[in-house]
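J.:
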Amino acid sequence: MKKQNSIFSLVLIGIFVLYMIIPIIATYMFSIATKWDVSILPEGYTLDWYQTAFDHPYFSITLTNSFIVSFSAVLAGLFFIVPTTYWVHTRVPSAKPLLDLLMILPFGIPAVVLALALIRVYNFQPVARSPFLLISGCVIFSMPFMYRPVSNSLMAIDVHTLTESALNLGANTFQILVRVIAPNIMPGILSGALLVFATVFAEFTLANLITGASFKTFPLLLVEFTKRDGRVAAALSVISFTVAWIASLAILWVSGRGHKPTEEVVAAH
Amino acid sequence: MAYLDLKNVSKLFGTVAAVKDFNLAVEKGEFVSLLGPSGCGKTTTLRMIAGFEMPDAGTITLAGDDITIVPPNKRGTGMVFQAYALFPNMTVRDNVAFGLEVTGHPKAEIDERVREMLAIVRLPDAGKRYPHQLSGGQQQRVALARALAIRPRVLLLDEPLSALDAVVRVALRGEIRKIQLDLGITTVYVTHDQEEALSISDHVVVMNQGLIEQLGTPEEIYRQPKTRFVAAFIGTANQLHGVVVDRAQVQFGTMMLRAPVPSNLSASHQVVVLVRPESVTIHSAAPSSNQQNVLEGTIQTITFLGPITRIAVDVSGTRVVADVTAANRAALSHNQPVWLAFDPEACQVMASQ
């Protein structure tokens, strides 16, 4: 019975992995195929589509724009969501259910609705249709991804006692947050940052409706190419994946460095 | 004015008064314990001294400064928490240095102070280690070093030994007292453990339901409890209910007990006669001495407690306990008729309620 179960779960996991990985492999293959319409495998391989993508005048502009928007959203999360979450946990715990509810709202509002609402409400210069409005929209849209892991990390440590002992030793709120709280919830902050970065980097609807052609982001270029040449679009997708992976690896590397003591501890034991 | 002075301090949580009209004067260099059951307001009082709670009424002064509304990070109190509360992301050295670093002391001075503090708590080589690499007792020593490093005006300890096992607890409490005496630092210690409070304090404040039941030296608290609560909470006391006959006698059931009756209790007053179990001797034959109070009963239970054995005797419906040493215990058995004897001077008479 037990063996049957484990075979069943292996098969299930196998199907799931294939389901997840086949589109990625197919996209990757398509991006380096010369011609792939009648045969099972591509007829030949080339890097021409990458060349076309890189040579496109908008390539570096959209990539830069997407980085600007993603990093800004991450920074906004770090500077607003993290302190707010800490503040609610320590000073106004009664407001926590409200904040929890607030952080579910972005999931309930379709991006189209959010974008159109922002455009209508902020219909004045210099905010109207500006990159600033786009970034603000992305911050709203992505804040649950920062809030959840940070909130969970705060619940996992004894945030009250740590705060009180730091206060007792003469530290101010800023020192407590930066030197005591942040290092102890770093895994939560990092995974939040990673989720925000990846979500905002791939965001299409807000960018398309709020800034559109005036401040094109990478997903806009990608969608544009799907209408023109699927193979270049595939190459752009692969580049987009790669950026997301590099960002994840970078964050994991940074968090790994922050956790070095743990390894030493393991070695010591 | 005392060095640390709490005057008419009250604290409400909602409609519940955690601390009521509390007055306490602690002299410089003194070690004072706040002792009581959970919910008695002892921790709230300590937290008001540290500044984590604001009193609803009253004033707190420290070294002549009114600190009632001073924020906790400007008070110069050093606190040790029950749960250690060391910063897990920092080494022992950085934990101890933290208070000095955030207040901008020069590095050389910090290094020197950290060395000095770790030497005081006998962990001179632990500087590079992380809190989770240390035992509970070691962590609490680091917490003590960290609190002392800022040269606090008063040291506050909130049940610092509760999370430790018995052996470490006894060893560490001795060390805390020694360090406190060496440094001459004014200390307020919160505990629910009466043995702990009695063993290390200059003065003990017994608290119950937000009020001070009694304030005195450990000896006074133990030997002359002022209220029935103190008598019951500190150690074990036999409580014999009776009626005052005259200045020297109390009627207990059909028996007459000789005991010093305080002048505020007149004849026919309902009273309780308190006798500590170690003051009661047990005899298998009626003692001949007529200087002592003698009660006759049968042995209910015999409880071995290590150095002593506690014998519970049923004296016409009242349970009276006596502590005997191993040598005296041998002859006793369950249901055996015995005679209990105690001096009138060992008795303390107080009003029933």
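Protein sequence lines, in the order shown, are assigned to chains B and E.
In case it helps, the working numbering puts the first sequence at residues 19 to 287.
In case it helps, the working numbering puts the second sequence at residues 54 to 406.
Glycine included, C-beta positions come from ideal geometry on N, C-alpha and C.
Just so it is clear, the structure is predicted and the values come from calculations on it, not from any experiment.
Would you say the segment 107–126 of chain B touches the segment 139–149 of chain B, given that touching needs at least three Cβ pairs under 8 Å?
T.: Output reads no: the segment 139–149 of chain B does not touch the segment 107–126 of chain B.
J.: With 8 Å as the threshold, decide whether the Cβ of residue 198 (chain B) is near any Cβ in chain E.
T.: yes
J.: Examine chain B for any beta-carbon lying closer than 8 Å to the beta-carbon of residue 57 (chain E), and answer yes or no.
T.: Not closer than 8 Å to any Cβ of chain B, the Cβ of residue 57 (chain E) fails to qualify, so no.
J.: In chain E, which residues lie less than 7 Å from residue 202 (chain B) when you measure between Cβ atoms?
T.: Close to residue 202 (chain B), with beta-carbon spacing below 7 Å, are these residues of chain E in chain order: 141 and 142.
J.: At which residues does the beta strand (DSSP E) containing residue 256 (chain E) begin and terminate?
T.: For residue 256 (chain E), the enclosing beta strand (DSSP E) starts and ends at 256–261.
J.: At 4 residues or longer, what runs of the alpha helix (DSSP H) sit wholly inside the segment 118–198 of chain E?
T.: 145–155 and 160–173
J.: Alpha carbon to alpha carbon, how far is residue 94 (chain B) from residue 259 (chain E)? Give it in angstroms, no decimals.
T.: 52 Å
J.: Should the segment 163–171 of chain B be called in touch with the segment 122–142 of chain E, which here means at least 3 C-beta pairs below 8 Å?
T.: No, the segment 163–171 of chain B is not in contact with the segment 122–142 of chain E.
J.: Please classify residue 358 (chain E): is it buried, with 16 or more other beta-carbons within 10 angstroms of its beta-carbon, or exposed?
T.: exposed
J.: Pick out the complete beta strand (DSSP E) segments inside the segment 214–243 of chain B, 3 residues or longer, and give them in chain order.
T.: none
J.: Secondary structure at residue 71 (chain E), three-state DSSP: helix, strand or coil?
T.: strand
J.: Output yes if chain B places a C-beta closer than 8 Å to the C-beta of residue 156 (chain E); else output no.
T.: yes
J.: On the CB-based measure, 16 or more other CB atoms within 10 Å of its CB, does residue 378 (chain E) come out buried or exposed?
T.: Using a 10 angstroms sphere on the CB of residue 378 (chain E), the tally of other CB atoms stays under 16, which defines it as exposed.
J.: With three or more beta-carbon pairs closer than 8 Å as the criterion, would you say the segment 96–109 of chain E touches the segment 147–154 of chain E?
T.: no
J.: Would you say residue 216 (chain E) faces chain B, with C-beta separation under 8 Å as the test?
T.: no
J.: Alpha carbon to alpha carbon, how far is residue 30 (chain B) from residue 221 (chain B)? Give it in angstroms, no decimals.
T.: 31 Å
J.: Can you list, in chain order, the residues of its chain whose CB lies under 6 Å from that of residue 213 (chain B), leaving out five sequence neighbours each side?
T.: 163
J.: Shorter than 8 Å from the beta carbon of residue 71 (chain E) to some beta carbon of chain B?
T.: No - not a single Cβ of chain B is within 8 Å of the one on residue 71 (chain E).
J.: Kindly identify the DSSP beta-bridge partner or partners of residue 390 (chain E).
T.: E:351
J.: Output the residue ranges of the alpha helix (DSSP H) runs that lie fully inside the segment 281–353 of chain E and measure 4 residues or longer, sorted by chain position.
T.: Counting whole runs of 4 or more residues, the segment 281–353 of chain E contains the alpha helix (DSSP H) stretches 281–286.
J.: Using a cut-off of 8 Å between C-beta atoms, extract the partners of residue 125 (chain E) located in chain B.
T.: The answer, in chain order, is 182, 185 and 186.
J.: When we look at the beta-carbon of residue 346 (chain E) and count the other beta-carbons within 10 Å, is it buried (16 or more) or exposed?
T.: So residue 346 (chain E) ends up on the buried side.
J.: Is the CB-CB distance between residue 84 (chain B) and residue 235 (chain B) below 8 Å?
T.: yes
J.: Against chain B, does residue 132 (chain E) count as a neighbour if the rule is that its beta carbon must be under 8 Å from one of theirs?
T.: Yes, residue 132 (chain E) lies at the interface with chain B (some Cβ there is under 8 Å from its Cβ).
J.: Rounded to the nearest angstrom, what separates residue 70 (chain E) and residue 117 (chain B) at their Cα positions?
T.: 31 Å
J.: Which class does residue 57 (chain E) belong to by DSSP, given the choice of helix, strand or coil?
T.: strand
J.: Following the continuous alpha helix (DSSP H) through residue 117 (chain B), name the residue where it begins and the one where it ends.
T.: Per DSSP, the unbroken alpha helix (DSSP H) holding residue 117 (chain B) starts and ends at 114–120.
J.: In this structure, how does DSSP classify residue 212 (chain E) when only helix, strand and coil are distinguished?
T.: Annotated three-state conformation of residue 212 (chain E) is coil, per DSSP.
J.: Please confirm if residue 170 (chain B) has its CB atom under 8 Å from at least one CB of chain E.
T.: Chain E has no Cβ within less than 8 Å of the Cβ of residue 170 (chain B).
J.: What are the start and end residues of the alpha helix (DSSP H) that includes residue 398 (chain E)?
T.: No alpha helix (DSSP H) holds residue 398 (chain E); DSSP gives it neither H nor E.
J.: Leaving out five residues before and five after residue 193 (chain B) in sequence, what residues of the same chain have Cβ atoms less than 8 Å from its Cβ?
T.: A distance below 8 Å between beta-carbons, with the five flanking residues on each side excluded, links residue 193 (chain B) to the following residues of its chain, in chain order: 184.
J.: How close, in whole Å, do the beta carbons of residue 153 (chain E) and residue 203 (chain E) come, if the pair is a contact with beta carbons under 8 Å?
T.: 7 Å
J.: Indicate, with yes or no, if the ligand MN has a heavy atom lying under 7 Å from the CB of residue 246 (chain E).
T.: The model on display carries no ligand, and the ligand MN is accordingly not part of it.
J.: So, for residue 225 (chain B): in the same chain, excluding its five sequence neighbours on each side, which residues have a beta-carbon less than 7 Å away from its beta-carbon?
T.: 152, 235, 237 and 238
J.: Note down, in chain order, every chain E residue with its Cβ under 9 Å from the Cβ of residue 108 (chain B).
T.: Correct list: empty, because the minimum Cβ distance to chain E is about 11 Å.
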